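The next block holds one structure in the form of structure tokens; read it before the comments.
In UniProt numbering, the protein residues as written are 1 to 304.
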């Protein structure tokens, strides 16, 4: 079967990963360990992860005309991702994410968008033929919201399958956009923010997901950390158990999940099988440090 084409539209960042004993409280100064510099950005992470798992991937996004920008492009290219349309912006830095990881592998992230903030409607229009040639479009919220909306509208008009990972979580997404999304993939925090409902367990996650289904989303796939994941659509609700692993770094768990989900769907798998595949991939990623370096290869897991 010919591989369906995955188009990722999103952010490219350099990640500064800083180990800490605990997350600092307001007004608290703590000492961190030696930091590492790793290519990242939710868009780039998802493109990288999908390519490692065998997907046919093209990346759209922007970097600065700096050393970091060159590293980001070369890193994606090393995985046979089509990077020919990634633009380099003059007089602006590449995006930067500062990631604090505690002893339990939990993280907090501060993102400086840099060149990612320059991804606009004109850039989407300039690359409209890539959109028309793709089968599955994957997006996040680390580029301007109006650009995400515009790209979703264009993908919808072209009858493309759309995955939106609403991270970082916006305060809201307009109903007319939600109704165009095939697969919305929030984590617990993002689910709470999008619906205004507290999410503390599977039951409350289902209730919150149903709010989004009521607004027109076709499938809500909520990632719930060690509790697993959840599929809610108009005609089904299925909870998937999490894989038991020793988590070292959860930084890219969500990105890995989305990458694997996109690959499985692009290969024609049913949504349930795609979620199982994504759960397995994400479980492997949290046992390793870093974002892109933690992404598993296809040989490490299989679709049943």
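Just so you know, even glycine gets a beta-carbon here, dropped at the ideal spot from N, CA and C.
This one's a predicted model, so the numbers in the text were calculated from it and none came from an experiment.
- [ ] Please check the pair residue 188 and residue 167, which I expect to be a contact at CB under 8 Å, by giving their CB distance rounded to whole angstroms.
- [x] As a position in the chain shown, residue 188 is number 188, starting the count at 1. As a position in the chain shown, residue 167 is number 167, starting the count at 1. About 12 Å; that fails the 8 Å criterion.
Task: Three or more C-beta pairs below 8 Å linking the segment 292-301 and the segment 247-267 - done: Contact holds: three or more Cβ-Cβ distances are below 8 Å.
Open item on the list: Just verifying my parser: in three-state terms, what is the DSSP assignment at residue 257?
Closed with: Taking the first residue of the chain shown as 1, we reach residue 257 at position 257. Looking at residue 257 - three-state DSSP - the assignment turns out to be helix.
TODO: Please state whether DSSP places residue 282 in a helix, a strand or coil.
DONE: The residue labelled residue 282 in the question sits at position 282 within the chain shown. DSSP places residue 282 in helix when its eight states are reduced to three.
Open item on the list: Which of the three DSSP states is assigned to residue 7 in this structure?
Closed with: Position 7 of the chain shown, counted from the start, is the residue given in the question as residue 7. Three-state result, residue 7: strand.
Open item on the list: Could you tell me which whole beta strand (DSSP E) segments of length 3 or greater appear in the segment 75-103?
Closed with: With a minimum length of 3 residues, the continuous beta strand (DSSP E) runs that stay inside the segment 75-103 are 87-89 and 95-101.
- [ ] Would you tell me roughly how many angstroms separate the C-alpha atoms of residue 185 and residue 132, rounded to the nearest one?
- [x] Counting from 1 along the chain shown, the entry for residue 185 is found at position 185. Counting from 1 along the chain shown, the entry for residue 132 is found at position 132. Computed Cα separation, rounded: 23 Å.
Task: C-alpha gap between residue 221 and residue 19, whole angstroms - done: Numbered from its first residue, the chain shown carries residue 221 at position 221. Numbered from its first residue, the chain shown carries residue 19 at position 19. Approximately 30 Å between the Cα atoms of the pair.
Open item on the list: So within the segment 180-268, which uninterrupted beta strand (DSSP E) runs reach at least 3 residues, ignoring any that extend past its ends?
Closed with: Within the segment 180-268, the beta strand (DSSP E) runs of at least 3 residues that lie entirely inside it are, in chain order, 219-223, 229-233 and 237-240.
Open item on the list: Here's a check: name, in chain order, each residue in its chain whose Cβ is nearer than 7 Å to the Cβ of residue 103, leaving out the five neighbours to either side.
Closed with: Counting from one through the chain shown, the residue named residue 103 turns up at place 103. Hits under 7 Å: 21.
TODO: Would you check if there are 3 or more beta carbon pairs closer than 8 Å linking the segment 133-144 to the segment 25-33?
DONE: The answer is no - the segment 25-33 does not touch the segment 133-144, with fewer than three Cβ pairs under 8 Å.
- [ ] Check whether the Cβ atoms of residue 318 and residue 138 lie closer than 7 Å to each other.
- [x] The question about residue 318 has no answer here: the residues shown for the chain are numbered 1 through 304.
- [ ] Give every residue of the same chain whose Cβ lies closer than 8 Å to the Cβ of residue 107, excluding the five residues on either side of it in the sequence, and list them in chain order.
- [x] The sequence position of residue 107 within the chain shown is 107, counting from 1. Excluding positions up to five away in sequence, the list reads 99, 100, 101, 249, 250 and 251.
TODO: Just the C-alpha distance for residue 41 and residue 13, rounded to the nearest angstrom, thanks.
DONE: For the purposes of this step, residue 41 is identified with residue 41 of the chain shown, where counting begins at 1. For the purposes of this step, residue 13 is identified with residue 13 of the chain shown, where counting begins at 1. The alpha-carbon separation between residue 41 and residue 13 amounts to approximately 4 Å.
Task: Through-space distance from residue 232 to residue 210, alpha-carbon basis - done: As a working note, residue 210 is residue 210 in the chain shown. As a working note, residue 232 is residue 232 in the chain shown. For residue 210 and residue 232, the distance between alpha carbons rounds to 7 Å.
Task: At least 3 beta-carbon pairs within less than 8 Å: the segment 64-75 vs the segment 145-156 - done: In short, these stretches do not touch, since the Cβ pair count stays below three.
Task: Separation of residue 171 from residue 237, as counted between CA atoms - done: As a first step, residue 237 is located in the chain shown; it is residue number 237 there, counting from the start. As a first step, residue 171 is located in the chain shown; it is residue number 171 there, counting from the start. Straight through space, the alpha carbons of residue 171 and residue 237 are spaced by roughly 25 Å.
TODO: Rounded to whole angstroms, what's the CA-CA distance from residue 289 to residue 25? Just pull it up for me.
DONE: Within the chain shown, numbered from 1, the residue matching residue 289 stands at position 289. Within the chain shown, numbered from 1, the residue matching residue 25 stands at position 25. C-alpha separation (whole angstroms): 24 Å.
Task: Nearest to residue 105 (by Cα), restricted to the options 124, 301, 17 and 153 - done: Here residue 105 refers to the residue found at position 105 of the chain shown. Across the set 124, 301, 17 and 153, the C-alpha of 17 shows the shortest separation from the C-alpha of residue 105.
TODO: Could you tell me the distance, in whole angstroms, from the CA atom of residue 169 to the CA atom of residue 3?
DONE: Counting from one through the chain shown, the residue named residue 169 turns up at place 169. Counting from one through the chain shown, the residue named residue 3 turns up at place 3. Rounded to whole angstroms, residue 169 to residue 3 spans 31 Å at the Cα level.
Open item on the list: Considering only the alpha carbon of each residue, which of 286, 246, 155 and 268 lies closest to residue 253?
Closed with: Along the chain shown, read from residue 1 onward, the residue named residue 253 stands at position 253. It is 286.
Task: Three-state secondary structure assigned by DSSP to residue 15 - done: Along the chain shown, one-based indexing puts residue 15 at 15. Looking at residue 15 - three-state DSSP - the assignment turns out to be strand.
Open item on the list: Run through the DSSP bridge pairs and tell me what residue 138 is partnered with.
Closed with: Indexing the chain shown from 1 puts residue 138 at position 138. DSSP output for residue 138 lists 8 and 163 as bridge partner(s).
TODO: May I ask you to report which of helix, strand or coil DSSP gives residue 32?
DONE: One-based indexing of the chain shown puts residue 32 at position 32. Assignment of residue 32 by DSSP, reduced to helix, strand and coil, places it in the coil class.
Open item on the list: With a threshold of 7 Å on Cβ separation, who are the neighbours of residue 386 within its own chain once the five nearest residues in sequence on each side are excluded?
Closed with: For residue 386 there is no data in the structure shown, the boundaries of the chain being 1 and 304.
Open item on the list: Starting from residue 58, trace the alpha helix (DSSP H) in both directions and tell me its first and last residue.
Closed with: As a first step, residue 58 is located in the chain shown; it is residue number 58 there, counting from the start. No alpha helix (DSSP H) holds residue 58; the beta strand (DSSP E) holding it covers 56-60.
Open item on the list: Using DSSP's beta-bridge definition, name the partner residues of residue 107.
Closed with: Residue 107 sits at position 107 when you count from the first residue of the chain shown. Beta-bridge pairing links residue 107 to 101.
- [ ] With residue 382 as the anchor, note down where its alpha helix (DSSP H) starts and where it stops.
- [x] Residue 382 falls outside the range modelled here, since the chain spans only 1 to 304, and no answer is possible.
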